[in-house]
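Numbering of the sequence shown is given in the working numbering, commencing with residue 76 and proceeding in unit increments.
Every residue gets a Cβ at the ideal spot worked out from N, C-alpha and C, and that includes glycine.
What you are looking at is a predicted structure, and each value in this text was computed from that prediction instead of being measured.
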Amino acid sequence: MIERPVPVADPVDSDRVRHLPIADNGEALVPASLAPDRVLVRPRYHLEGLPGALPECFVREGVLERLLQAAASLPSGYRLVLFDAWRPLSLQRWLFERFARELEQGGGLEHIDEFVSRPMPDLAQSPPYHLTGGAVDLSIADDQGRLLAMGSDFDAMSDTSHTAYFETAPGDDAQLLNWRDNRRLLYHAMRDAGFVNLPSEWWHYDYGDQLWATLGGHPHALYGAAEPAFRWGELPY
């Protein structure tokens, strides 16, 4: 996989994405922590104590199937590590407000759509990606349990977070090549399993939602806004 470059992609047209039709196929949200051990769940926002963050990563059934496909394609002993998947609208709003403040202080508020979905008023027409259960934030751990170095932190709002950044970054030292190859490994494992990547975030992949439909040339999305079928205090395990 690392022989194949990550293509340099144009920025996502967020307005086009929001207006793509949705025909929800009714797949349930399922807890990814019950998956085989090649998919690990490490809910970053819950571990960081963010308000409303869940100690579980819920995904649609079709997403879980494709995560297992992607994990099976990795080198022996390597595993996918899920940081975030479905998230409550309250957490989406909190994250949007936090990122907006940070970008405004740095004079880059115009780039906010690259890093976090706006919680739009009409959730039926334009739900945030993570509210659908079709979006996942993730990385890879090696056979020693170490997260692969990707050249920027998860949720870092900078050009270095763009998935293809190290394909064109100046320099050819071993560290840069390692970051590039690690991103290639994740990118092609996920793309070969049917996901699309948000070009501004090396960690963000989608299946079934409006971003997937737009970037994949599909006539409509398969997933709209979703909710788990049970309350958090009623989890059946």
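Sequence-distant residues of the same chain with beta carbon closer than 8 angstroms to residue i, five excluded per side
{"i": "Leu143", "result": "Ala110, Pro111, Arg113, Val114"}
{"i": "Asp234", "result": "Tyr240"}
{"i": "Arg154", "result": "Asp112, Arg113, Val114, Leu115, Ala146, Ile215, Ala216"}
{"i": "Ala103", "result": "Arg135, Glu136, Ala304"}
{"i": "Trp169", "result": "Leu125, Pro126, Gly127"}
{"i": "Asn253", "result": "Ala224"}
Opening and closing residue of the beta strand (DSSP E) in which residue i lies
{"i": "Tyr280", "result": "279-281"}
{"i": "Leu55", "result": "Beyond the ends of the chain as shown, which are 76 and 312, falls residue 55; an answer cannot be given."}
{"i": "Val116", "result": "114-116"}
Local conformation of residue i per DSSP, three classes
{"i": "Phe158", "result": "strand"}
{"i": "Leu104", "result": "strand"}
{"i": "Arg135", "result": "strand"}
{"i": "Ala300", "result": "coil"}
{"i": "Leu149", "result": "coil"}
{"i": "Tyr312", "result": "Reliability of the predicted coordinates at Tyr312 is poor, the pLDDT of 41 falling under 50, and the value obtained from them is presented with this limitation in mind. Reduced to three states, the DSSP call for Tyr312 is coil."}
{"i": "Leu198", "result": "coil"}
{"i": "Leu164", "result": "helix"}
{"i": "Leu222", "result": "strand"}
Environment of residue i [buried if 16+ CB atoms lie within 10 Å]
{"i": "Ala90", "result": "Reading off the sequence shown, one finds Asp at residue 90, where the question assumed Ala. Exposed, by the Cβ-count rule."}
{"i": "Arg173", "result": "exposed"}
{"i": "Asp284", "result": "buried"}
{"i": "Pro86", "result": "exposed"}
{"i": "Pro118", "result": "buried"}
{"i": "Asp228", "result": "exposed"}
{"i": "Val81", "result": "buried"}
{"i": "Tyr312", "result": "Reliability fails at Tyr312, whose pLDDT of 41 lies under 50, so the model's placement of it is uncertain and the value that follows must be treated cautiously. Exposed, by the Cβ-count rule."}
{"i": "Leu310", "result": "Low per-residue confidence applies at Leu310: pLDDT is 48, beneath 50, and the placement is therefore not dependable, though the value from the model is reported in the following sentence. When all chains shown are included, Leu310 counts as exposed."}
{"i": "His150", "result": "Reading off the sequence shown, one finds Pro at residue 150, where the question assumed His. With fewer than 16 other Cβ atoms within 10 Å, it is exposed."}
{"i": "Arg207", "result": "Note on residue identity: the sequence assigns Thr, not Arg, to residue 207. Thr207 should be labelled buried."}
{"i": "Ala128", "result": "buried"}
{"i": "His295", "result": "exposed"}
{"i": "Gln219", "result": "exposed"}
Min CB distance residue i to chain B below 9 angstroms
{"i": "Leu273", "result": "Absence of chain B from the displayed structure is noted, only one protein chain being present."}
Bounding residues of the alpha helix (DSSP H) (the contiguous stretch that carries residue i)
{"i": "Leu206", "result": "Note, Leu206: premise wrong, no alpha helix (DSSP H); not H, not E."}
{"i": "Ser89", "result": "89-93"}
{"i": "Ala210", "result": "Segment 210-216 is the beta strand (DSSP E) holding Ala210; no alpha helix (DSSP H) there."}
Residues near residue i in its chain [Cβ-Cβ closer than 6 angstroms; skip 5 each side]
{"i": "Val287", "result": "For the record, residue 287 in the displayed sequence is Trp; it is not Val. Result list for Trp287: Val271, Asp281, in chain order."}
{"i": "His100", "result": "Correcting the residue type first, residue 100 is Asn in the shown sequence and not His. Within the same chain, Asn100 has close Cβ partners Leu297."}
Cβ shell of residue i (< 7 angstroms), same chain only, five flanking positions each side left out
{"i": "Val92", "result": "Gln285, Leu286, Thr289"}
If you scan the stretch 243-290 from start to end, which runs of the beta strand (DSSP E) of 3 or more residues do you find wholly inside it?
-> Entirely contained in the stretch 243-290, the beta strand (DSSP E) runs reaching 3 residues are, in chain order, 279-281.
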